[in-house]
Amino acid sequence: MAIKLKELFKKNNEIENNNQKNNIYKTEDIPSVPDGLYTACEKCHEMILTEDLYSGNMVCPKCGHYFKLGAYQRISMIVDNGTFEEWDKGLIENNPCEYDGYLKKIEKLKENTGIDEAIVTGVAKIDDKETVIGICDTRFLMGSMGHVVGEKLTRAVERATSMRLPVIIFTCSGGARMQEGMVSLMQMAKTSAALKRHSDAGLLYITVLTDPTTGGVTASFAMLGDIILAEPKALVGFAGPRVIKQTIGKELPEGFQRSEFLLEHGFIDNIVKREELRDTLAKLLRLHTSAKRDSMRKYKEYLDDIYHKKIDEDKEERDIEKQRKSSKDTAWDRVEIARSSDRPTALDYIYSLTKDFYELHGDRLYSDDGSIVGGIAMFGGQPVTVIGHQKGTTTKENIKRNFGMSNPEGYRKSLRLIKQAEKFRRPIIFFVDTPGAYPGIGAEERGQGRAIANNLFELSTVKTPLLSIITGEGGSGGALALALTDEVWMMENSVYSVLSPEGFASILWKDNTRAHEAAEKMKMTAADLKELGIIERIIPEFPVLNADTMNHVMMYMKRKIADFMIQYQSKSVEELIDNRYNRFRKF
Ligand SMILES: [Zn+2]
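Using the working numbering, the letters of the sequence shown map in sequence onto residues 111 to 697.
If you want it as structure tokens, here you go:
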């Protein structure tokens, strides 16, 4: 039965107000629902007009503090009005440890909060896209996970699997529910196992971490999302800060276990402000909708139509060939162009060639390496994954991007996104531009060689079409880690080599001033590599990529990429993988 959200929202608030008046909760649990015209911010203690608080998504307009939300409040902010249908309300509670007064306490909380447990689940629409949704609620025993929470969540995930729907869970929890002992711990296993089946069915799972998400919930469903988002400054961690502090006897660093800390350490994809959550979720759901039949072919026809109105393609190809043959540019000239700081970066290509790009972050293990960017975007009405080495355009950004030289966590992030693309059957477009993998102590300590090797190993059998485009410098193994693909293309003025010309001259001739000479010897230009069969296509730059030629080059690329997609998406998975194997086997 569909529930009228606004009514629930109102009712929920009334109950909340009574709770506060009757002092139901301990001080730290007080739900932040305002009473009367003004409400005091629990952080900055300023008086806020209650109406402003509501219209501002329950964010303090003075200090930006996020008030905690009840489950129905959250639902009303996120889903399309009138579309929420609640599931599994009123499951029977049990008391496996026969803990004194437990069931009575639950009854009282049900009465006082208007929710029947620490999670509300159901199905709804967000911007007209159907999804299963679950919202944890800290007002109910700190959102702890007992049998009923685990059961509601598991049932929701199982139903989502059979209905082939995505799942979105908003988490907030103190962890396992102590009163239920080991039965509570088993909920971590049960929910994780249900999510694995959902994932194996190729379905999307998004988690939104809200303040606080800790303990057993972090060690199960909270951290298992294909995409993990978090509200700003939310506390998220396994062991609580107080426990850690007591155990190690040290002060914890500023911002420890907050969302920003998690993003930096590669555990979450993004931090999303409350007012942007609905749109972000809607966008992510759209990016996981399958393309309309024939959309790529129609896109190609559309592009051709525009192109041929302006250009005689045969003549253009002949001109490109003529220009290439008469070019006086030496290999070293190309090296210099490829390294030039005003070459477009991966993000420039991504924004020019695709639509609706959503960047994802982190390797889920150690860090978010800024030298590799990746995410989901639309190309020709079809979702694709895009991944590329990213150089900076300013000194400051270059330091953040480590000059496009990746650490192991960069390759591990790319591999995570590669596996994600495979799960959702998205083709991948790579943009390669790196002087090489980062030579550093930390990189070696964290297994640089293993990280690159893993990419090669896994890319060889990815079940979706893979295209790699060398856009600037293709530096050795660090470049190949994003280039074991069905086809490899090079921009006309890019280079791709086993080593830098300086390094080559230094190793073979003990003289790194002979780099110009080395560049010629090494056969590192697009024309040389096409002749050797290392690459399939040269993208002309007419004759150098700059603001004037950019649009034309991008149009050329779009058409060729659309051709690639049509050709490779028509192949069976076996054929695709066999071809890829043979492509590299021949060398
Ligand atoms: Zn405030």
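C-beta atoms are modelled at their ideal positions from N, C-alpha and C, and glycine is treated no differently.
Keep in mind it's a predicted model, so treat the numbers as computed, not measured.
- Burial check for F694: the Cβ neighbour count within 10 Å stays below 16, so the residue is exposed.
- T223 has its alpha-carbon roughly 22 angstroms from the corresponding atom of A234.
- In this structure, ligand 1 has no non-hydrogen atom nearer than 7 angstroms to the beta-carbon of E374.
- Considering only L413, G244, F280, the residue with the shortest C-alpha distance to T264 is G244.
- Annotated three-state conformation of E583 is strand, per DSSP.
- Under the DSSP assignment, S524 falls in the alpha helix (DSSP H) whose first and last residues are 518–533.
- K420 carries a helical assignment under DSSP once its states are collapsed to helix, strand and coil.
- Residue list for ligand 1: C151, K153, C154, E156, C170, K172, C173, H175 (CB closer than 6 angstroms to any heavy atom, chain order).
- With respect to K533, R396 sits apart: the two C-beta atoms are not nearer than 8 angstroms.
- Residue environment: N689 is assigned as exposed (fewer than 16 neighbouring CB atoms within 10 Å of its CB, all protein chains considered).
- Annotation for H471: no beta strand (DSSP E) segment contains it, and DSSP assigns it neither H nor E.
- Cβ-Cβ separation between L339 and D379: approximately 6 angstroms, consistent with a contact (criterion under 8 angstroms).
- Here Y409 is buried. Its C-beta has 16 or more other C-beta atoms within 10 Å.
- Along the length of the stretch 580–656, whole beta strand (DSSP E) runs at least 3 residues long occupy 597–601, 605–607, 647–649, reported in chain order.
- Annotation for H499: the continuous beta strand (DSSP E) segment containing it runs 492–499.
- Check the Cα spacing between E411 and each of G490, G260, G256: the tightest is with G490.
- For V683, the number of other beta carbons within 10 angstroms of its own is below 16, and it is reported as exposed.
- For G260, same chain residues with a beta-carbon under 7 angstroms away, outside a window of 5 residues either side, are Q297, K300, T301 in chain order.
- If you draw a straight line from the Cα of W197 to the Cα of I236, it comes to about 17 angstroms.
- Distance from the CA of E374 to the CA of E208, rounded to the nearest whole angstrom, comes to 43 angstroms.
- Under the three-pair Cβ rule at 8 angstroms, the stretch 270–289 counts as touching the stretch 308–321.
- Annotation note: the stretch 163–204 contains the following uninterrupted beta strand (DSSP E) runs of length 3 or greater, listed N- to C-terminal: 195–197.
- With the rule of 3 Cβ pairs closer than 8 angstroms, the stretch 593–601 does not count as touching the stretch 614–625.
- Only residues of its own chain outside the window of five on either side were considered, and among them none has a CB closer than 6 angstroms to the CB of E161.
- In this structure, V267 sits near A304, with a CB-CB distance shorter than 8 angstroms.
- By alpha-carbon distance to G587, the top candidate from Y548, K620, V572, G291 is Y548.
- DSSP places E240 in the strand class (E or B) of the three-state scheme.
- Listed in chain order, the non-local C-beta contacts of V382 below 6 angstroms within the same chain comprise L339, T390, local neighbours out to five positions each way being set aside.
- Around the Cβ of R384, a 10 Å sphere holds 16 or more other Cβ atoms; the residue is buried.
- Counting only runs of 4+ residues, the alpha helix (DSSP H) found wholly inside the stretch 201–285 occupies 212–223, 257–273, in chain order.
- Around the beta carbon of N565, a 10 Å sphere encloses 16 or more other beta carbons of the protein chains shown; the residue is thus reported as buried.
- Between S610 and G585, the C-beta spacing is below 8 angstroms.
- In this structure, DSSP gives I358 a helical state, which the three-state scheme calls helix.
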